[in-house]
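For reference, the structure discussed in these notes is given below.
2 protein chains.
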Amino acid sequence: MADEAPFQFLHNEVLQYIYKSAENGETDNGRNIAKLENMGFRVGQGLMERLTKDTARFKDELDIMKFVCKDFWTCVFKKQIDNLRTNHQGIYVLQDNKFRLLSQLSAGKQYLEQAPKYLAFTCGLVRGALSNLGVKSIVTAEVSVMPACKFQIMIQKM
Amino acid sequence: MADEAPFQFLHNEVLQYIYKSAENGETDNGRNIAKLENMGFRVGQGLMERLTKDTARFKDELDIMKFVCKDFWTCVFKKQIDNLRTNHQGIYVLQDNKFRLLSQLSAGKQYLEQAPKYLAFTCGLVRGALSNLGVKSIVTAEVSVMPACKFQIMIQKM
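What follows is the structure in structure tokens.
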């Protein structure tokens, strides 16, 4: 029914809290984004740890990505990623056609400015989840048409 | 499987963030508790709003409490309240025998000091949920035997 709602509402509170408590105002945006990303990172690590407790070892990187798109995404957002693409050279694009954490943002044009702060936590979440499985990555996100959203993962080879 | 985990991990991050970002240290504990309580209040309001969208009107106060114990608690914590008591004069005690947000706290004796910060958000959550239904209350909590926990609700008559 509203299974993803508690997480969504809490995420929204966190966002507001971080932005309100920042004293340097606008210029601090980068720092706020980083805080949200870090918070997501730790949540992602912990969640992946718990989700894979009884899971068989993954075959390869693609197998890990499929797990993120299905099991991990469903655990957090109560739906799967709608589309997964890769160039087979360490870049993966995960598309969510109805990204829950954007649903409180109106579909007007101002979302273009606001979107990054609604996506930062989840970028960290994915990076943390992968990190827990020994995969180092850089994760960025962009809104295509609201509320669709693409997360790009660049694997960092050690 | 781990349906309550995203919320639980995020709650834990919020806790750590608020306590880390408080600069006045120990003496600020009351203010941190208040911040958590307020955050819970807003989440509770929003959640109750969403949960009761298509619900029939409640008969009375007790009917509201039962909804909090069953539907609301299940939405957030993936389990129901184990025991509801009332003195029929505006005091209700909700007991959760395995309160999720305490599960990351060890069962040692130091929990007695730590417990209030793990309970503050949920006190606010209940207060906010009731407030959304027009019921003004004061909510306090205490740990009996870890991880069992009692929430006491005192209805404030207008």
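These protein sequence lines are chains X and Z, in that order.
Note that UniProt numbering has the first sequence beginning at 1, numbered continuously upward.
Note that UniProt numbering has the second sequence beginning at 1, numbered continuously upward.
From the three backbone atoms N, C-alpha and C, an ideal C-beta is built for every residue, glycine too.
Below 8 Å on the Cβ atoms is my contact criterion, and I expect residue i with residue j to pass it. Report the Cβ-Cβ distance as a whole number of Å.
| i | j | result |
| --- | --- | --- |
| glutamine 95(X) | alanine 148(X) | 7 Å |
| threonine 140(Z) | glutamine 152(Z) | 5 Å |
| valine 43(X) | glutamate 13(Z) | 6 Å |
| serine 137(X) | methionine 154(X) | 6 Å |
| serine 21(Z) | serine 21(X) | 7 Å |
| alanine 5(X) | arginine 85(Z) | Contact doesn't hold; Cβ gap of about 28 Å is too wide. |
| residue 184(Z) | proline 116(Z) | Any answer about residue 184(Z) is impossible in this case: the structure gives chain Z only from 1 up to 158. |
In the structure shown, what three-state DSSP assignment does residue i receive?
| i | result |
| --- | --- |
| phenylalanine 7(X) | helix |
| threonine 122(X) | helix |
| methionine 48(Z) | helix |
| isoleucine 81(Z) | coil |
What are the start and end residues of the beta strand (DSSP E) that includes residue i?
| i | result |
| --- | --- |
| threonine 74(X) | First-last for threonine 74(X): 73–77, but that is the alpha helix (DSSP H), not the beta strand (DSSP E). |
| aspartate 28(X) | No beta strand (DSSP E) holds aspartate 28(X); DSSP gives it neither H nor E. |
| valine 93(X) | 91–96 |
Can you tell me which of the options puts its alpha carbon nearest to the alpha carbon of residue i?
| i | options | result |
| --- | --- | --- |
| leucine 133(X) | Ala115(X), Leu112(X) and Lys53(X) | Lys53(X) |
| leucine 15(Z) | Asp63(Z), Asn97(Z) and Met39(Z) | Met39(Z) |
| leucine 112(Z) | Val143(Z), Asp82(Z), Arg85(Z) and Phe99(Z) | Val143(Z) |
| lysine 79(X) | Ile91(X), Thr86(X) and Asn97(X) | Asn97(X) |
| glutamine 45(Z) | Phe77(Z), Phe72(Z), Tyr17(Z) and Ala2(Z) | Phe72(Z) |
| leucine 47(X) | Pro116(Z), Tyr118(Z) and Ala2(Z) | Ala2(Z) |
| alanine 120(Z) | Phe41(Z), Gln89(Z), Asp28(Z) and Phe9(Z) | Phe41(Z) |
| leucine 10(X) | Lys150(Z), Glu37(Z) and Lys66(Z) | Glu37(Z) |
| lysine 150(Z) | Val135(Z), Val126(Z) and Gly30(Z) | Val126(Z) |
| methionine 146(X) | Thr55(X), Val135(X) and Leu105(X) | Leu105(X) |
| cysteine 75(X) | Gly30(X), Ala56(X) and Arg100(X) | Arg100(X) |
| glutamate 61(X) | Asp28(X), Gln8(X), Gln89(X) and Tyr118(X) | Gln89(X) |
Are there any heavy atoms of the ligand SAH lying less than 7 Å away from the beta-carbon of residue i, as far as the coordinates show?
| i | result |
| --- | --- |
| methionine 65(Z) | This structure lacks the ligand SAH; in fact it carries no ligand of any kind. |
Starting from residue i, trace the alpha helix (DSSP H) in both directions and tell me its first and last residue.
| i | result |
| --- | --- |
| methionine 154(X) | Premise fails: methionine 154(X) lies in the beta strand (DSSP E), 149–155, not in any alpha helix (DSSP H). |
| aspartate 54(Z) | From DSSP, aspartate 54(Z) is part of no alpha helix (DSSP H); its letter is neither H nor E. |
| leucine 133(X) | Leucine 133(X) -> no alpha helix (DSSP H), and no H or E assigned at all. |
| leucine 102(X) | Here leucine 102(X) belongs to no alpha helix (DSSP H), and DSSP marks it neither H nor E. |
| lysine 70(X) | Segment: none, lysine 70(X) is in no alpha helix (DSSP H) and carries neither H nor E. |
Using a cut-off of 7 Å between C-beta atoms, extract the partners of residue i located in chain A.
| i | result |
| --- | --- |
| serine 21(X) | Among the protein chains of the structure shown, namely X and Z, there is no chain A. |
**OP:** With 7 Å as the limit, tell me which residues of the region 38–52 of chain Z have their beta carbon closer than that to any beta carbon of chain X; keep them in chain order.
**Re:** Met39, Arg42, Val43, Gly46, Leu47, Arg50 and Leu51
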